[in-house]
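Asker: Sequences listed follow chains A and B, in order. Residue numbering for the first sequence follows the numbering used here, beginning at 72 and increasing consecutively. Residue numbering for the second sequence follows the numbering used here, beginning at 72 and increasing consecutively. Each residue gets a CB set at the ideal place from its N, CA and C atoms; glycine is no exception. Computed from a prediction, not measured in an experiment: that's the story for all the values here.
2 protein chains.
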Amino acid sequence: MATVTEAATRLDTYRDLARQLRVDSIRCSTAAGSGHPTSSLSAADLIAVLLAGHLRYDFANPRDPANDHLIFSKGHASPLVYAMLRAAGAIDDDELLTFRKLGSRLEGHPTPILPWIDVATGSLGQGLPIGVGIALAGKRPLGAPYHVWVLCGDSETAEGSVWEAFDHAGHEGLSNLTAIVDVNRLGQRGPTELEWNMDAYAARVRAFGLDAIVIDGHDLAEIDDAYSRARGAERPTAILAKTVKGKGVSFLENKEGWHGRALDPEQARQALAELGQSPARTFAVTRPGRWEPPVMRKGPVALKTYAEPVATRKAYGEALAALGAARGDVVVLDAEVSNSTHAEDFKKTAPERFFEMYIAEQQMVAAAVGMQVVGLVPFASTFAAFLTRAYDFIRMAAVSRARIRLSGSHAGVSIGEDGPSQMALEDLAMMRAVHGSTVLYPCEGNQAAKLVAQMADRPGISYIRTTREKTPVIYDPRAEFPIGGSKVVRGGSGTDRVAIVTAGITVHEAIKAADALANENIAVRVIDAYTVKPIDAAALAEAARVTGGRIVVVEDHWVEGGIGDAVLAALAEKGGVGELRYRHLAVREMPGSGKPAELLAAAGIDAAHIVAAVRELAR
Amino acid sequence: MATVTEAATRLDTYRDLARQLRVDSIRCSTAAGSGHPTSSLSAADLIAVLLAGHLRYDFANPRDPANDHLIFSKGHASPLVYAMLRAAGAIDDDELLTFRKLGSRLEGHPTPILPWIDVATGSLGQGLPIGVGIALAGKRPLGAPYHVWVLCGDSETAEGSVWEAFDHAGHEGLSNLTAIVDVNRLGQRGPTELEWNMDAYAARVRAFGLDAIVIDGHDLAEIDDAYSRARGAERPTAILAKTVKGKGVSFLENKEGWHGRALDPEQARQALAELGQSPARTFAVTRPGRWEPPVMRKGPVALKTYAEPVATRKAYGEALAALGAARGDVVVLDAEVSNSTHAEDFKKTAPERFFEMYIAEQQMVAAAVGMQVVGLVPFASTFAAFLTRAYDFIRMAAVSRARIRLSGSHAGVSIGEDGPSQMALEDLAMMRAVHGSTVLYPCEGNQAAKLVAQMADRPGISYIRTTREKTPVIYDPRAEFPIGGSKVVRGGSGTDRVAIVTAGITVHEAIKAADALANENIAVRVIDAYTVKPIDAAALAEAARVTGGRIVVVEDHWVEGGIGDAVLAALAEKGGVGELRYRHLAVREMPGSGKPAELLAAAGIDAAHIVAAVRELAR
């Protein structure tokens with residue numbers, strides 16, 4: 072008898088909360104004059120039951136490491152996110168009504184400028200793979216008690232990244248992850264591909280290794296039961312909830328043409344009248360039990376030093392291994408090429424903190440974003456060319472204010488025989504154009520190691536570009552390479568006639584060129600701009616001043632967006648450097664296969680071409 | 072009895088061909104000293120049966136529109152590709168042995184510099200979605216008899232894009248498509264996720280709407296039967312072939328550590344001895360029946376003209392519709408946002424040539440690449456921010472020498488309330504760094520329409536960036552906007568003191584600024600650089616000369632890689648323009664939500680900020 076009453080009370084609470092979430096979703100979006108109320112209404116019951124019955128979260132302490140994680144992969148349901156925060160007492164009604172206004176924390180799509188939001192969403196298909204990362208981190212190395220809940224839209228299951236996420240969840244047996252799919256049948260411009268074919272959804276997620284629970288997403292008891300089962304399951308669960316877009320308001324329910332459209336004030340009045348009275352209540356949310364994450368060792372990092380030629384990708388792997396030995400918070404992810412990127416060196420040192428992501432670059436970057444949410448220090452690697460696969464995830468990681476580290480190996484034509492599909496020639500452009508990013512491009516082992524060590528504590532998105540081929544060691548192992556700096560490796564006096572600015576593999580071509588030109592009495596300054604962003608503007612300006620603006624930039628990258636553009640922008644922004652006499656040696660034609668040296672020559676970026684360019688400028 | 076003999080003869084042919092393919096895969100990779108022989112050996116039987124028994128292809132006439140299409144999605148099996156071409160008589164043995172050498176057509180991964188290759192592969196997970204595009208085009212609008220065969224690796228099924236492809240194949244019922252998955256259990260660095268779990272593969276592809284046929288990939292009769300069933304099926308088929316990596320050579324079979332590794336000459340001798348004699352034969356391949364594609368109408372394009380403010384995205388859609396009415400070869404794809412990108416205007420005109428790709432940007436771009444293979448003229452659109460999702464596909468489209476046209480709407484902070492997840496702020500950088508690309512950014516309707524019309528006949532990858540908000544009409548509908556050009560919209564005399572270079576939405580801010588500055592007697596030249604790539608270097612140099620290098624660049628894009636970098640690179644490359652006095656107004660901080668005008672102001676790229684920058688330079 073008591074149980075029945077308790078259950079009835081619980082369902083009443085859910086019902087009241089769901090009504091309030093609907094009311095507030097409409098109120099805030101109508102006040103904003105834009106937003107996605109109907110996509111919020113379809114999921115209001117799902118979120119009400121989760122918040123009041125299943126989530127373990129201390130809204131007064133969003134940094135509690137024991138808190139569950141709730142990600143709205145369908146970030147456009149932001150009215151529901153903010154209505155939920157208001158119902159939990161995290162924000163007040165005044166703030167709720169600032170939705171989408173300049174300066175408000177309540178942006179059009181949720182971002183972590185709100186402390187209760189882990190990551191930015193709004194580019195569909197990203198929340199679930201990020202949730203996989205949080206769940207992986209919770210399983211190992213943290214051993215955390217938290218559960219990860221991800222609210223997905225049905226439209227976004229068209230994104231392959233969602234299936235990468237289901238695949239990894241199933242493969243890793245992430246029982247601490249629950250995907251809640253709000254199958255409201257309608258996308259932006261009309262019906263989704265599968266509409267309400269719940270059997271098709273269930274077959275797919277089961278085939279990918281998850282438990283599937285199909286429910287009526289507006290039946291509070293069914294939802295309640297599904298969440299209990301999901302938290303207790305031994306496998307990851309996908310709750311497939313058949314819902315109605317615009318649910319609760321007759322003129323919105325299951326209607327096309329209402330996606331991303333706010334109600335006008337008169338429509339809102341009608342809608343609120345239909346929904347009924349909803350006094351502004353704060354609902355109790357269960358707090359998690361006490362739990363502290365394991366203490367992360369953080370000792371001094373013993374980097375290897377190099378005297379013999381070594382590939383910077385190898386130095387990357389060995390520096391990762393040293394970091395892994397010294398620090399317990401460093402984790403490494405790789406997209407099934409760890410024997411090429413040399414992330415495998417870390418795996419040998421700290422296998423429990425190495426994550427094989429198979430050939431799923433989007434999931435790899437998303438998992439890195441998820442892992443940094445819970446305080447880990449992720450490094451993720453693949454061939455630099457294949458990081459282009461994850462560009463949307465990298466872009467969104469910046470919106471998430473995430474701290475992740477990416478390593479791209481096999482950059483440029485100098486990889487040789489494998490040909491253009493494997494040659495990153497746009498990665499510098501891509502990574503420079505990420506907000507707040509750091510872009511590093513070492514030319515040899517000692518430098519690479521020192522840069523990798525610094526990446527561990529670098530905010531934002533940092534990227535290191537590594538080279539397939541071995542390169543000679545040119546720096547003393549004790550040399551320091553601060554991010555933002557550069558090195559003068561040839562010349563450096565006031566009599567330098569031309570400056571060569573380069574980084575990575577072509578530093579060695581520039582050195583050969585400078586040495587050859589010295590025999591012709593042409594003094595050349597070679598600048599190793601190992602930090603492509605932020606580039607060392609002071610060193611560039613000084614070089615321009617000394618040489619009368621005679622600058623040759625050499626890079627194993629397309630003409631656009633790389634070192635050349637970075638150099639010109641830095642000099643122009645700085646100003647006062649006089650007129651430039653500029654030559655840009657970069658890749659201008661589609662390369663083919665060949666030996667590394669042949670391809671550097673064919674692209675016009677080897678020592679011989681540098682010599683010719685310098686001679687021309689020095690005339 | 073005759074049938075039994077015929078069957079035996081057929082199987083003998085397959086066996087001989089398979090042996091020759093294995094022998095030649097080893098010979099050419101050993102000669103090259105690199106490559107992927109073991110990944111070729113696992114699929115040799117699959118390709119032998121296809122080539123000698125099922126493919127309908129005229130190797131003497133690779134442009135025959137009736138030819139089947141065969142794509143090696145696992146492009147690293149290039150030794151097998153080239154061995155196949157030799158067996159078909161398309162190339163000779165001398166050329167086979169140029170594999171991976173400088174200047175050879177036989178690159179490390181196949182590219183369309185060989186006339187028998189439709190598209191470049193080597194970035195995994197792309198061949199199948201491209202095959203979907205070819206199959207879609209074959210189904211409609213071409214009504215072609217060809218069949219599309221795609222050889223996939225098992226490792227690459229970890230890529231979400233493969234599931235986007237299966238999803239679209241199933242949804243569209245592409246019975247003219249067969250995926251052949253070479254399940255050889257071993258990836259680059261070890262076992263794949265699913266190894267030989269054929270049931271898991273079968274469950275997955277069936278759940279995505281395909282027929283699945285599980286076979287022993289070395290049983291020639293089973294393969295033969297599977298191909299017959301696949302060609303005759305009413306749905307798309309996935310043939311899941313359990314194979315052994317390195318099959319046929321005892322010391323390679325199912326061994327780790329042999330991925331991407333050529334045999335040395337001694338190992339090759341042993342391997343060839345095991346495989347047995349294989350006289351160099353040319354095998355007959357069945358030619359397709361005669362078929363000509365429907366004649367494509369190509370009449371004059373009647374573009375709409377504009378006198379009232381219109382969003383360039385709307386002008387894009389209406390220009391597409393005009394193109395669609397005039398030309399039968401234009402096809403349009405959109406990622407479920409056609410009411411935002413306005414691709415829906417084309418759909419209303421030519422629904423049979425409109426392809427709804429749902430929210431699967433990778434599949435969308437891949438399908439566009441596939442459609443241009445068979446002579447169609449694809450335009451593909453989504454929010455510009457979400458084209459980042461497909462960057463690897465765009466990069467590879469350039470390696471494929473593909474002609475595709477991309478449209479990204481909702482660029483920049485000027486979209487307003489939706490916030491940074493929806494704002495493309497890196498698209499110009501991303502698209503400039505694509506080999507041979509064209510990057511267009513119109514500021515108003517008449518200009519947008521004229522540019523869209525030109526894109527139809529533009530080689531390479533062309534990109535148009537459109538704006539969410541309506542913008543005033545500033546050009547006469549009769550004005551022409553040649554690609555590579557620019558327009559001077561204010562000033563233009565020898566007395567201009569400062570030049571403002573901009574494009575798109577900020578052209579209107581620059582005009583307001585110039586008009587305000589005119590009242591202060593500061594003559595300003597405003598250049599509308601509607602072609603960001605190739606940018607109008609002559610006009611920029613002339614402006615620099617006239618103004619003494621006083622240039623302000625304004626753009627609704629991150630600081631890096633966009634119009635500013637393009638302007639500086641053009642001026643530096645041109646040379647002789649004297650010293651620059653440069654101000655760059657671009658987005659430097661992460662934007663939030665707000666009204667478009669508020670966000671332009673907050674980013675420092677509105678008229679007021681332009682006025683301030685010009686005043687400073689004019690001092």
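Distance cutoff 8 Å, beta carbons only. Does glycine 490(B) sit that close to anything in chain A?
Answerer: yes
Asker: The beta strand (DSSP E) spanning histidine 628(A) covers which residue range?
Answerer: 621-629
Asker: How would you label aspartate 547(A), buried or exposed, when you count the other beta carbons within 10 angstroms and need 16 or more for buried?
Answerer: The Cβ neighbour count for aspartate 547(A), taken over all protein chains shown within 10 Å, is under 16; the residue is labelled exposed.
Asker: Going along the stretch 190-216 of chain A in order, which residues come within less than 8 Å of chain B, judged by CB to CB distance?
Answerer: Ala191, Thr192, Gly193, Ser194, Leu195 and Gly196
Asker: Against glutamine 443(B), what residues of chain A qualify as contacts under a CB-to-CB distance less than 9 Å, listed in chain order?
Answerer: Here the premise fails: no neighbours, minimum Cβ distance about 17 Å.
Asker: Given this structure, state the Cα-to-Cα distance separating isoleucine 622(B) from valine 440(A), to the nearest angstrom.
Answerer: When rounded, the separation of the alpha-carbon atoms in isoleucine 622(B) and valine 440(A) is 39 Å.
Asker: According to DSSP, simplified to helix, strand and coil, what is glycine 691(A)?
Answerer: The requested residue 691(A) is not part of the displayed model; chain A covers only 72 to 690.
Asker: With a threshold of 16 other CB atoms inside 10 Å of the CB of threonine 353(A), please say whether the residue is buried or exposed.
Answerer: exposed
Asker: Taking contact to mean 3 or more Cβ pairs, one atom from each stretch, closer than 8 Å, check whether the stretch 523-542 of chain A and the stretch 473-491 of chain A are in contact.
Answerer: Touching, per the Cβ criterion.
Asker: Assuming aspartate 627(B) contacts glycine 575(B) (C-beta within less than 8 Å), just tell me the rounded distance between them.
Answerer: 6 Å
Asker: Rounded to whole angstroms, what is the Cα-Cα separation between lysine 313(B) and alanine 469(A)?
Answerer: 42 Å
Asker: Please check if any C-beta of chain A sits within less than 8 Å of the C-beta of alanine 378(B).
Answerer: no
Asker: Just reading off the alpha helix (DSSP H) that glutamate 644(A) is part of, what are its end residues?
Answerer: Taken as a continuous stretch (DSSP letters only), the alpha helix (DSSP H) holding glutamate 644(A) covers 634-645.
Asker: Quick check: leucine 245(A) and alanine 301(A), are their CB atoms within less than 8 Å of each other?
Answerer: Inclusion of leucine 245(A) and alanine 301(A) in the CB contact set at 8 Å is not warranted, their separation being larger than that value.
Asker: Can you name, in chain order, every residue of its own chain whose Cβ lies under 6 Å from the Cβ of valine 320(A), other than the five neighbours on each side?
Answerer: In its chain, beyond the 5 residues on either side, Ala342 and Glu345 have a beta carbon closer than 6 Å to the beta carbon of valine 320(A).
Asker: In this structure, how does DSSP classify threonine 602(A) when only helix, strand and coil are distinguished?
Answerer: strand
Asker: Does any residue of chain A have a CB that is nearer than 8 Å to the CB of histidine 413(B)?
Answerer: no
Asker: Taking buried to mean at least 16 other C-beta atoms within 10 Å of its own C-beta, is arginine 460(A) buried or exposed?
Answerer: buried
Asker: Identify each residue in the stretch 226-240 of chain A for which the Cβ-Cβ distance to at least one residue of chain B is less than 8 Å, and report them in chain order.
Answerer: Ser226, Glu227, Ala229, Glu230, Gly231, Ser232, Val233, Trp234, Glu235 and Asp238
Asker: Using only the alpha-carbon positions, how far apart do glycine 58(B) and leucine 248(B) sit?
Answerer: One cannot answer for residue 58(B) here, as it falls past the ends of chain B, which runs 72 to 690.
Asker: Grab me the residues of arginine 127(B)'s own chain with a C-beta within less than 6 Å of its C-beta, minus the 5 sequence neighbours each way, in chain order.
Answerer: Asp139, Thr357 and Pro359
Asker: Does the stretch 208-219 of chain A come within contact of the stretch 511-521 of chain B, defined as at least 3 CB pairs closer than 8 Å?
Answerer: no
Asker: Flag isoleucine 430(B) as yes if its beta-carbon sits less than 8 Å from any beta-carbon of chain A, otherwise no.
Answerer: yes
Asker: Does proline 422(A) pass the burial test, meaning 16 or more other C-beta atoms within 10 Å, or should it be called exposed?
Answerer: exposed
Asker: Following the continuous alpha helix (DSSP H) through histidine 140(A), name the residue where it begins and the one where it ends.
Answerer: Taken as a continuous stretch (DSSP letters only), histidine 140(A) belongs to no alpha helix (DSSP H), being part of the beta strand (DSSP E) at 140-143.
Asker: Using three-state DSSP, classify phenylalanine 354(A) as helix, strand or coil.
Answerer: coil
Asker: So, does the CB of tyrosine 653(B) fall closer than 8 Å to a CB anywhere in chain A?
Answerer: yes
Asker: Could you please give the first and the last residue of the uninterrupted alpha helix (DSSP H) stretch that includes aspartate 296(A)?
Answerer: 291-303
Asker: Can you name the start and end residues of the beta strand (DSSP E) that isoleucine 532(B) belongs to?
Answerer: 532-536
Asker: Quick check: what's the CA-CA separation for alanine 373(A) versus histidine 579(A)?
Answerer: 27 Å
Asker: Measuring straight from C-alpha to C-alpha, what distance separates glutamine 443(A) and valine 403(A)?
Answerer: Rounded to whole angstroms, glutamine 443(A) and valine 403(A) show a C-alpha spacing of 12 Å.
Asker: Which residue or residues does DSSP assign as beta-bridge partners of alanine 570(A)?
Answerer: Arg596(A) and Ile622(A)
Asker: From glycine 204(A) to glutamate 243(A), what distance separates their C-alpha atoms?
Answerer: 11 Å
Asker: So what does DSSP say about threonine 420(B), is it helix, strand or coil?
Answerer: helix
Asker: Which whole-angstrom value is the C-beta distance of aspartate 282(A) and arginine 306(A), which I expect to be below 8 Å?
Answerer: About 5 Å; that satisfies the 8 Å criterion.
Asker: Does valine 682(A) come out as helix, strand or coil in the three-state DSSP assignment?
Answerer: helix
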